[in-house]
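Participant:
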Amino acid sequence: MRSTVKVVAGAVAAMAAVVGLTAAPAAAAPAGPDCRGGYYRAGTPAVQAWYNHCGGGKVWIKVFHTFGDDTFWCVGPGHTHLGVWPEINDAVYDNRTC
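Right, dumping it as structure tokens:
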């Protein structure tokens, strides 16, 4: 009986470790051939607006607001949280470094 409990406990621990590894969020990849840069939305129920910069330096992006004036942000490599969608409805690279 004790050996069965140990085997089951070990199997559950192994499955939890595998699930933990596969469910972990990916680290920000600043550069590489597989990097998908640009504006995107993620999250539920409050959808968030993000911008992913794949380059190595800081760049200016133009952030489009649903209400009010558009703004410019200096962002570094990786994922940058812009705010809540639909208040932030798009962002584009502005062809400038900062």
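If you use mature numbering (1 follows the signal peptide of the UniProt record, and there is no 0), the sequence shown corresponds to residues -28 to -1, 1 to 70, in order. Don't be surprised by glycine CBs; every beta carbon is placed ideally from N, CA and C.
#1: In whole angstroms, what is the alpha-carbon distance linking Ala(-2) and Asp41?
#2: Quick one: is the Cβ of Thr16 within less than 8 angstroms of any heavy atom of the ligand ZN?
#3: Going by DSSP, what residues sit across from Asn67 in a beta bridge?
#4: Could you tell me how far apart the beta carbons of Gln68 and Val31 are, in whole angstroms, since I believe they sit closer than 8 angstroms?
#5: Once you ignore the five residues that flank Phe36 on each side, which residues in its own chain have a CB closer than 6 angstroms to its CB?
#6: Just tell me which of Pro17, Ala18, Tyr12 has its CA closest to the CA of His25.
#7: State buried or exposed for His53, treating a residue as buried only when at least 16 other CB atoms are found within 10 Å of its CB.
#8: Name the DSSP bridge partner or partners of Ala14?
#9: Please name the residue in Phe39, Tyr23, Gly10 whose C-alpha comes closest to that of Glu59.
#10: Which residue's Cα is closest to the Cα of Gly48: Gln20, Ala21, Asp66, Gly27?
Facilitator: Let's see:
#1: A caution first: Ala(-2) carries a pLDDT of 39, below 50, which makes its placement in the model unreliable, though a value can still be read off. CA-to-CA, the gap between Ala(-2) and Asp41 works out to about 32 angstroms.
#2: The model on display carries no ligand, and the ligand ZN is accordingly not part of it.
#3: Per DSSP, Asn67 has no beta-bridge partner at all.
#4: Reading off the sequence shown, one finds Arg at residue 68, where the question assumed Gln. In this structure Arg68 touches Val31 by the C-beta definition: roughly 7 angstroms separates them, less than 8 angstroms.
#5: The answer, listed in chain order, is Asp42, Asn61, Asp62.
#6: Looking from the CA of His25, the closest CA among Pro17, Ala18, Tyr12 belongs to Tyr12.
#7: Its Cβ having fewer than 16 others within 10 Å, His53 is exposed.
#8: Secondary-structure assignment with DSSP links Ala14 through a beta bridge to Gln20.
#9: Nearest of Phe39, Tyr23, Gly10 to Glu59, Cα basis: Phe39.
#10: Among Gln20, Ala21, Asp66, Gly27, the Cα nearest to that of Gly48 belongs to Gly27.
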